[in-house]
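Protein chains: 2
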Amino acid sequence: MAAPAALPGGSVKIALLAEIKNVLPRIDLLPAIEEGFAAYSEGRAVVPPVGELILDKGEVHIKYGAIAGEDFYVIKIASGFYGNPALGLPSGNGCLLVFEQKTGVPAAVLLDEGYLTDIRTAAAGAVAAKYCAPRTVERIGVAGAGVQGRLQLEWLKRVTDCRDALVWGPLPEELEGYRREMKSRGFSVETAREAAAIPRTCNLIVTATPSKTPLLSAADLRPGTHITAVGSDTPDKQELDSEILARADVVVADSLAQCRLRGEIHKALAAGKIDESRVVELGNIISGRASGRTSDSQITVADLTGVAVQDIKIASAVYRALAP
Amino acid sequence: MAAPAALPGGSVKIALLAEIKNVLPRIDLLPAIEEGFAAYSEGRAVVPPVGELILDKGEVHIKYGAIAGEDFYVIKIASGFYGNPALGLPSGNGCLLVFEQKTGVPAAVLLDEGYLTDIRTAAAGAVAAKYCAPRTVERIGVAGAGVQGRLQLEWLKRVTDCRDALVWGPLPEELEGYRREMKSRGFSVETAREAAAIPRTCNLIVTATPSKTPLLSAADLRPGTHITAVGSDTPDKQELDSEILARADVVVADSLAQCRLRGEIHKALAAGKIDESRVVELGNIISGRASGRTSDSQITVADLTGVAVQDIKIASAVYRALAP
Numbered sequence: 001m002a003a004p005a006a007l008p009g010g011s012v013k014i015a016l017l018a019e020i021k022n023v024l025p026r027i028d029l030l031p032a033i034e035e036g037f038a039a040y041s042e043g044r045a046v047v048p049p050v051g052e053l054i055l056d057k058g059e060v061h062i063k064y065g066a067i068a069g070e071d072f073y074v075i076k077i078a079s080g081f082y083g084n085p086a087l088g089l090p091s092g093n094g095c096l097l098v099f100e101q102k103t104g105v106p107a108a109v110l111l112d113e114g115y116l117t118d119i120r121t122a123a124a125g126a127v128a129a130k131y132c133a134p135r136t137v138e139r140i141g142v143a144g145a146g147v148q149g150r151l152q153l154e155w156l157k158r159v160t161d162c163r164d165a166l167v168w169g170p171l172p173e174e175l176e177g178y179r180r181e182m183k184s185r186g187f188s189v190e191t192a193r194e195a196a197a198i199p200r201t202c203n204l205i206v207t208a209t210p211s212k213t214p215l216l217s218a219a220d221l222r223p224g225t226h227i228t229a230v231g232s233d234t235p236d237k238q239e240l241d242s243e244i245l246a247r248a249d250v251v252v253a254d255s256l257a258q259c260r261l262r263g264e265i266h267k268a269l270a271a272g273k274i275d276e277s278r279v280v281e282l283g284n285i286i287s288g289r290a291s292g293r294t295s296d297s298q299i300t301v302a303d304l305t306g307v308a309v310q311d312i313k314i315a316s317a318v319y320r321a322l323a324p
Numbered sequence: 325m326a327a328p329a330a331l332p333g334g335s336v337k338i339a340l341l342a343e344i345k346n347v348l349p350r351i352d353l354l355p356a357i358e359e360g361f362a363a364y365s366e367g368r369a370v371v372p373p374v375g376e377l378i379l380d381k382g383e384v385h386i387k388y389g390a391i392a393g394e395d396f397y398v399i400k401i402a403s404g405f406y407g408n409p410a411l412g413l414p415s416g417n418g419c420l421l422v423f424e425q426k427t428g429v430p431a432a433v434l435l436d437e438g439y440l441t442d443i444r445t446a447a448a449g450a451v452a453a454k455y456c457a458p459r460t461v462e463r464i465g466v467a468g469a470g471v472q473g474r475l476q477l478e479w480l481k482r483v484t485d486c487r488d489a490l491v492w493g494p495l496p497e498e499l500e501g502y503r504r505e506m507k508s509r510g511f512s513v514e515t516a517r518e519a520a521a522i523p524r525t526c527n528l529i530v531t532a533t534p535s536k537t538p539l540l541s542a543a544d545l546r547p548g549t550h551i552t553a554v555g556s557d558t559p560d561k562q563e564l565d566s567e568i569l570a571r572a573d574v575v576v577a578d579s580l581a582q583c584r585l586r587g588e589i590h591k592a593l594a595a596g597k598i599d600e601s602r603v604v605e606l607g608n609i610i611s612g613r614a615s616g617r618t619s620d621s622q623i624t625v626a627d628l629t630g631v632a633v634q635d636i637k638i639a640s641a642v643y644r645a646l647a648p
């Protein structure tokens, strides 16, 4: 879609999904997301608690914040309405608002329908792999064959040359579509009949399911494996047996404050399987203030629950790319 | 401004301030605001805690919520950047977002620059006066000669025939402008040299200042007076001596939960001047579940701190009025 000549938002940029998708390839997102995590872990970001609105037919989350000294503050509204598919609508929706940090003047309304959340989550997975995966990736394993499972694999292209993947998903009917789609993107994909098959041949694993019971167990894990868990973003979801975190040489959080309350680290802490002092933040590994993987035989786990700095970075970058 | 023929927001309505101001006269706002307060006090509204983002040069508040069974949920972003006037910009800004409550689909972005907050606050003042003021209003007293002090007087037209006002303001240079502007709107306005003069001749009083020290004291108050305090919306602001609330026959809150934490009731509770059990909610007076003023000789005080139901109601009404 071409940008309309005159916008009714006056100096406020209003962008629809098509226009946002159009500018995304022009954005160098990984360095931006890395810088966001580093700023967060260095205490340069103001990220208040997530706002939550629970309605009859859905849930709305409001993530917002700013990085000190940058141009913008950003507010993201992301909703999930689980009856939408029956109405012919996607369950997710929302938008991102960009404001001038020095004056509060609105700069942009990005009507992204939740798309930028999918992208910044996949980009964070690539960043986690870049800093934590073993030097030689033999095969990439993906649990979850939905939108996020596809984007994660797609974005790993930017940080590894491996194009060999094994996918398992809780919805078997998605698997063949996953294989075909990712083949068209340059991957050779096999499908697995059980999640437990993944760690047998894969040493870079991403889990991207809404599972509430562990999919992977410690017994199946080989030395030299990295796992990025992106599916669990609530206190009750869990994709990894907590024993995996106990066995891991390095346990990485995107936000320790948030991982205390939700996700895999939350579960492992609650089960007494790990001590909080063992958890390092991804931003500190990026900035060199903490070590991640130090040998190819280590097991590493990154738990990504999603932090507003990712939204700040992607929304700011999209707005800049949209500007005439 | 005429509505553009085609909006880049697709089915999302994008409205600028001029268009919003244009449709406001078509909206019957007071019944909507009354219904909002009633819904809130009956527990039919979901109103999570206010989100707050504190930045170097300003503050951002996010108020949001929904009334069960209605069409929309609403998110309001309201900011105050106190260095803006030096840059030739108003300190306040923000916008209101309207979403379908059943699906989460965005319906409207109202780029109101904070204007609808001013209006819904003035409308709430009129509602408080409608339910609490004595039958015969001798003279209206206003403390605060800024935008809100003007709007409060203007909106009282809808609930009283009195057109006689006395105004005092902390910025003396605003007073003459206030007198002239409100004269053009049908009021005979005198200016006072001190706030204490107001209760001597006025029995319907509105305070709309950012004061941190009490402007009115109990000793000056006559029986049969109603005071609406709208200025104090933080834990540290205070316009009324807490003794006034102690002496009042009826103490009204827009939201008891919120007035516990900020505003005049917060101060009076903290000073041990009133007991929480004495506070009634405006919504319960409106719906008849609680009594407000029961005689013309009573002293009544309404403390309005601003509740998201007002934002929900005004945004929904503006969106409906904007629809083709």
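Protein sequence lines correspond, in order, to chains L and R.
Take this note's numbering: the final residue in the first sequence is number 324, and no numbers are missing along the way.
Take this note's numbering: the final residue in the second sequence is number 648, and no numbers are missing along the way.
Ideal Cβ placement from N, Cα and C applies to all residues, glycine included.
Report the three-state DSSP secondary structure of residue i (helix, strand or coil).
{"i": "R:Ile636", "result": "helix"}
{"i": "R:Gly418", "result": "strand"}
{"i": "R:Leu434", "result": "strand"}
{"i": "L:Ala6", "result": "Low local confidence applies: a pLDDT of 37 at L:Ala6 is under 50, so the model's placement there is unreliable, with the coordinate-based value given in what follows. Three-state result, L:Ala6: coil."}
{"i": "L:Gly80", "result": "strand"}
{"i": "R:Met325", "result": "For R:Met325, the predicted model reports a pLDDT of 37, less than 50, meaning its position is unreliable and no value from the coordinates is stated."}
{"i": "R:Gly470", "result": "coil"}
{"i": "L:Lys13", "result": "strand"}
{"i": "R:Asp627", "result": "strand"}
{"i": "R:Thr515", "result": "strand"}
{"i": "R:Leu585", "result": "coil"}
{"i": "L:Asp220", "result": "helix"}
{"i": "L:Leu322", "result": "helix"}
{"i": "L:Asp164", "result": "strand"}
{"i": "L:Lys63", "result": "strand"}
{"i": "L:Ala290", "result": "coil"}
{"i": "L:Gly51", "result": "strand"}
{"i": "L:Ile75", "result": "strand"}
Since residue i contacts residue j with CB under 8 Å, what's their CB separation in whole angstroms?
{"i": "L:Asp296", "j": "L:Arg135", "result": "6 Å"}
{"i": "R:Val575", "j": "R:Arg602", "result": "6 Å"}
{"i": "R:Arg463", "j": "R:Leu490", "result": "6 Å"}
{"i": "R:Val422", "j": "R:Phe396", "result": "5 Å"}
{"i": "L:Arg39", "j": "L:Ala45", "result": "According to the sequence provided, residue 39 of chain L is Ala. The question's Arg does not apply to it. Indeed, because the Cβ distance is near 5 Å, the residues count as touching under 8 Å."}
{"i": "L:Gly125", "j": "L:Leu304", "result": "7 Å"}
{"i": "L:Phe37", "j": "L:Asp254", "result": "7 Å"}
{"i": "R:Gly416", "j": "R:Ala402", "result": "7 Å"}
{"i": "R:Thr427", "j": "L:Leu96", "result": "Not quite, the Cβ-Cβ distance comes to about 19 Å (not below 8 Å), so this is no contact."}
{"i": "R:Ala467", "j": "R:Leu413", "result": "27 Å between Cβ atoms; not a contact."}
Can you pull the chain R neighbours of residue i, defined as C-beta to C-beta under 7 Å?
{"i": "L:Glu70", "result": "By Cβ distance, chain R contributes nothing, its closest Cβ being about 11 Å from L:Glu70, past 7 Å."}
{"i": "L:Ser295", "result": "Result: empty, since nearest Cβ-Cβ is about 42 Å, beyond 7 Å."}
{"i": "L:Thr103", "result": "Phe405, Asn408, Leu411 and Leu413"}
{"i": "L:Val12", "result": "Leu435"}
Run down chain C in chain order and give the residues with a C-beta less than 7 Å from the C-beta of residue i.
{"i": "L:Leu221", "result": "No chain C is part of this structure, whose protein chains are labelled L and R."}
Under 7 Å, do residue i and residue j count as touching if we go by C-beta distance?
{"i": "R:Arg444", "j": "R:Gln622", "result": "no"}
{"i": "L:His61", "j": "L:Val74", "result": "no"}
{"i": "L:His226", "j": "L:Leu245", "result": "no"}
{"i": "R:Ala532", "j": "R:Gly473", "result": "yes"}
{"i": "R:Asp488", "j": "R:Ser512", "result": "yes"}
{"i": "R:Ala447", "j": "R:Val483", "result": "no"}
{"i": "L:Ser217", "j": "L:Glu239", "result": "no"}
{"i": "L:Glu281", "j": "L:Leu256", "result": "yes"}
{"i": "R:Ala432", "j": "R:Lys345", "result": "no"}
{"i": "R:Ala639", "j": "R:Ile351", "result": "no"}
{"i": "L:Val343", "j": "L:Ala323", "result": "Residue numbering for chain L in the displayed model covers 1 to 324; residue 343 of chain L lies beyond these limits and cannot be assessed."}
What in chain R is Cβ-close to residue i, meaning under 8 Å?
{"i": "L:Ile27", "result": "Those within 8 Å of L:Ile27 in chain R number zero; the least Cβ separation is about 20 Å."}
{"i": "L:Tyr73", "result": "Leu377, Leu379 and Val384"}
{"i": "L:Leu24", "result": "Neighbours of L:Leu24 on chain R: none; closest Cβ ~18 Å, over 8 Å."}
Residues of chain L with a CB under 8 Å from the CB of residue i: which are they?
{"i": "R:Ala390", "result": "Leu53 and Leu55"}
Run through chain L and tell me which residues come within less than 9 Å of residue i, C-beta to C-beta.
{"i": "R:Gln472", "result": "Those do not exist, as R:Gln472 stays about 18 Å from chain L at its closest Cβ, beyond 9 Å."}
{"i": "R:Val633", "result": "The premise fails here: R:Val633 is roughly 13 Å from chain L at the closest Cβ pair, so nothing lies under 9 Å."}
Just to make sure I have the definition right: I need the residues of chain L whose C-beta is within less than 7 Å of the C-beta of residue i. Which are they?
{"i": "R:Cys419", "result": "Pro106"}
{"i": "R:Val433", "result": "Val109"}
Interface residues of the stretch 30-49 of chain L facing chain R [CB-CB below 7 Å]: Residues are counted here when their Cβ sits less than 7 Å from a Cβ of chain R; for the stretch 30-49 of chain L these are Val46 and Pro48, given in chain order.
Residues, ordered as in the chain, of the stretch 401-417 of chain R that lie near chain L by beta-carbon distance below 7 Å: Ile401, Ser403, Phe405, Asn408, Leu411, Leu413 and Asn417
Within 7 Å of chain L by C-beta, residues of the stretch 477-500 of chain R in sequence order: none
Residues of the stretch 249-262 of chain L whose Cβ lies closer than 9 Å to any Cβ of chain R, in chain order: none
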